[in-house]
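In UniProt numbering, the protein residues as written are 1 to 441.
And the structure:
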């Protein structure tokens, strides 16, 4: 989490610093309309930079996944950048509109414009396109507001969100044109202009990849459903897939995007099986949404699927020889995969696993207990309506040596936030708390 925070903060600092290096005169301006022009440029660049980087992250580039801590963290950063683009875009729009309104209402007087110089070459071409670029940028901004609101409103079914979010690529291309035409011509000869050019190129490529449906295409493998096993008491479905092309392999704790219905699109699920080099893997999928709740009725043995991945860096490393795992609900899945690996390749760490559930399924729990025994993991079954709520205090009471451990959490975001805050308050190094973010929107 700290990695994406630092990436976000330093990205903001670099953009502002490069812009100030080219527009240092803003520090000495006092006249409103001169300040207005400069703040329009600054807020526009910030909005476009956030939009461009967010668009580049949306294509799931494998090269930057490890430095940012996994694809789940990249998507968290993608969300922050989307909100930043919206907020900076609102400020950009207000700096354009508000002074004009103040003039119309008689609150201020606009100073007379000086004579504009005669332009030549490419600068003259850009000047001729200015009106169109401004109009397209304004309508793209209104579309951005609508699309961000749809993305944030989680009650909208995923399949509709996916279709509308694809329109973000069109908005991004319109912003590329807006930035290309309206960037100060003198800036193109300075570092801020070079940065803008890179952002335009990266944003355009990312948007076109998305529009052409090529995101993750090279990491996709066709598959067939070979077995289905429902665990009805906890609303979990085990889906076994036979892979029809070579799979690059995965580490315990990683996830993949799985498509069962092209109209619905891909959903992220943790890979519940350890990788043994074969042509099979399985997923434990909980019915928590409209689509996943219907999978037991929709899926059939022999049905087609497509698997894309693997992704994620929730891989149980680190220097600590003591680990505490907490899997809440379907968040137990990465730990199941890890226990399968440990049963074959023990790593001599002492491990306690808390499985937190509201709806225990007897068969599911018995298999979990069997895997824990084979892996040498001390399993704690925590049933919400029977046991006290699992908090940091409960963990500390049951495991007095917790301070020497790293903690690995997968489950509801709110529960993870509470555990981290509580354990950090009692002396846990935040770097020793590892978590998977499974909210991809």
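Think of the CB as a built atom: it goes at the ideal place given N, C-alpha and C, for glycine as much as any other residue.
Legend entry - Contact set for residue 126: own chain, Cβ-Cβ below 7 Å, skip 5 residues either direction: Closer than 7 Å at Cβ, skipping near neighbours: 181, 185.
Inset, instruction - Go to residue 269, then tell me how far its alpha helix (DSSP H) extends in each direction, as first and last residue. - result: From DSSP, residue 269 is part of no alpha helix (DSSP H) but of the beta strand (DSSP E) over 267 to 270.
Inset, instruction - With a 10 Å radius around its C-beta and 16 neighbouring C-beta atoms as the bar for buried, classify residue 417 as buried or exposed. - result: Looking at its Cβ environment, which holds fewer than 16 other Cβ atoms inside 10 Å, residue 417 is exposed.
Legend entry - Contact the region 53 to 64 vs the region 72 to 84: 3+ CB pairs below 8 Å: By the Cβ criterion, the region 53 to 64 is in contact with the region 72 to 84, since at least three pairs of Cβ atoms, one from each stretch, lie closer than 8 Å.
Legend entry - Beta-carbon spacing of residue 221, residue 301 below 9 Å: It is not a contact, given that the beta carbons lie outside the stated cut-off.
Legend entry - Backbone secondary structure at residue 242 - three-state DSSP: Three-state result, residue 242: strand.
Legend entry - Beta-carbon contacts of residue 25 that lie in its chain and below 7 Å, excluding the five residues immediately before and after: Result list for residue 25: empty, nothing under 7 Å.
Inset, instruction - Would you decide whether residue 142 is buried or exposed? Buried here means 16 or more other CB atoms lie within 10 Å of its CB. - result: Residue environment: residue 142 is assigned as exposed (fewer than 16 neighbouring CB atoms within 10 Å of its CB, all protein chains considered).
Inset, instruction - Indicate whether residue 280 and residue 253 have their beta-carbon atoms separated by less than 9 Å. - result: No.
Legend entry - Cα-Cα separation, residue 210 to residue 255: Residue 210 and residue 255 have their C-alpha atoms roughly 21 Å apart.
Inset, instruction - Please report the residue range of the beta strand (DSSP E) in which residue 230 lies. - result: Segment 220 to 231, the beta strand (DSSP E) holding residue 230.
Inset, instruction - On a CA-only basis, which of 77, 251, 46 is nearest residue 18? Give me that one, please. - result: Among 77, 251, 46, the Cα nearest to that of residue 18 belongs to 46.
Legend entry - Nearest residue (CA-CA) to residue 87, options 71, 49, 63: Ranked by Cα distance from residue 87, the first of 71, 49, 63 is 49.
Legend entry - Buried or exposed by the 16-neighbour rule on C-beta atoms within 10 Å, applied to residue 431: Exposed: under 16 other Cβ atoms inside 10 Å.
Legend entry - Bounding residues of the alpha helix (DSSP H) (the contiguous stretch that carries residue 442): The requested residue 442 is not part of the displayed model; the chain covers only 1 to 441.
Inset, instruction - Using the Cα positions of residue 154 and residue 121, report the straight-line distance between them to the nearest angstrom. - result: Residue 154 and residue 121 have their alpha carbons spaced roughly 49 Å apart.
Inset, instruction - Using DSSP bridges, identify the partner residues of residue 352. - result: DSSP lists 324, 378 as partners of residue 352.
Legend entry - Reduced DSSP category for residue 148 - H, G, I as helix; E, B as strand; rest coil: Secondary structure at residue 148: helix, using DSSP grouped into helix, strand and coil.
Inset, instruction - Could you tell me the distance, in whole angstroms, from the CA atom of residue 328 to the CA atom of residue 174? - result: Whole-angstrom Cα-Cα distance: 43 Å.
Legend entry - residue 280, enclosing beta strand (DSSP E) - first and last residue: Residue range 280 to 286 is occupied by the beta strand (DSSP E) that includes residue 280.
Inset, instruction - Go to residue 309, then tell me how far its beta strand (DSSP E) extends in each direction, as first and last residue. - result: Where residue 309 is concerned, the enclosing beta strand (DSSP E) stretches over 304 to 311.
Inset, instruction - Take the Cβ of residue 436 as the centre, count every other Cβ of all protein chains shown within 10 Å, and call the residue buried at 16 or more, exposed below. - result: The residue is buried, with at least 16 neighbouring Cβ atoms inside 10 Å.
Inset, instruction - Taking 9 Å as the cut-off, decide whether the C-beta atoms of residue 296 and residue 230 are in contact. - result: Taking 9 Å as the Cβ cut-off, residue 296 and residue 230 qualify as a contacting pair.
Inset, instruction - Determine which residues share a DSSP beta bridge with residue 435 and list them. - result: 409, per the DSSP bridge assignment.
Inset, instruction - Check whether the Cβ of residue 306 lies closer than 8 Å to any heavy atom of the ligand SAM, and answer yes or no. - result: Within the structure as shown, the ligand SAM is missing, as the structure has no ligands at all.
Inset, instruction - For the region 136 to 190, list the alpha helix (DSSP H) runs that are entirely contained and at least 4 residues long, ordered along the chain. - result: Complete alpha helix (DSSP H) runs here, min 4: 158 to 166, 168 to 182.
Inset, instruction - Identify, in the order they occur along the chain, each residue of the same chain with its Cβ nearer than 6 Å to the Cβ of residue 140, setting aside the five sequence neighbours on each side. - result: These residues qualify, in order along the chain: 171, 174, 175.
Legend entry - Span of the beta strand (DSSP E), counted from its first residue to its last, around residue 256: For residue 256, the uninterrupted beta strand (DSSP E) segment begins and ends at 255 to 259.
Inset, instruction - Using three-state DSSP, classify residue 333 as helix, strand or coil. - result: Residue 333: helix per DSSP, three-state reduction.
Legend entry - DSSP state of residue 109 mapped onto helix, strand, coil: Of the three classes helix, strand and coil, the one that applies to residue 109 here is coil, per DSSP.
Inset, instruction - Would you mind stating whether residue 326 and residue 383 have Cβ atoms separated by less than 9 Å? - result: No, the pair does not count as a contact, with Cβ atoms beyond the cut-off.
Legend entry - 8 Å contact criterion, which residue 284 and residue 236 should meet: CB distance rounded: Confirmed, Cβ separation roughly 5 Å.
Inset, instruction - Would you check if the region 85 to 104 and the region 59 to 72 touch, i.e. whether three or more CB-CB distances between them fall below 8 Å? - result: With a cut-off of 8 Å on Cβ pairs, the region 59 to 72 is not in contact with the region 85 to 104, counting fewer than three such pairs.
Legend entry - CA-to-CA distance, residue 427 to residue 350, given in whole angstroms: Separation of residue 350 and residue 427 (C-alpha to C-alpha, rounded to the nearest whole angstrom) is 20 Å.
Inset, instruction - Indicate whether residue 375 and residue 322 have their beta-carbon atoms separated by less than 9 Å. - result: No. Outside cutoff.
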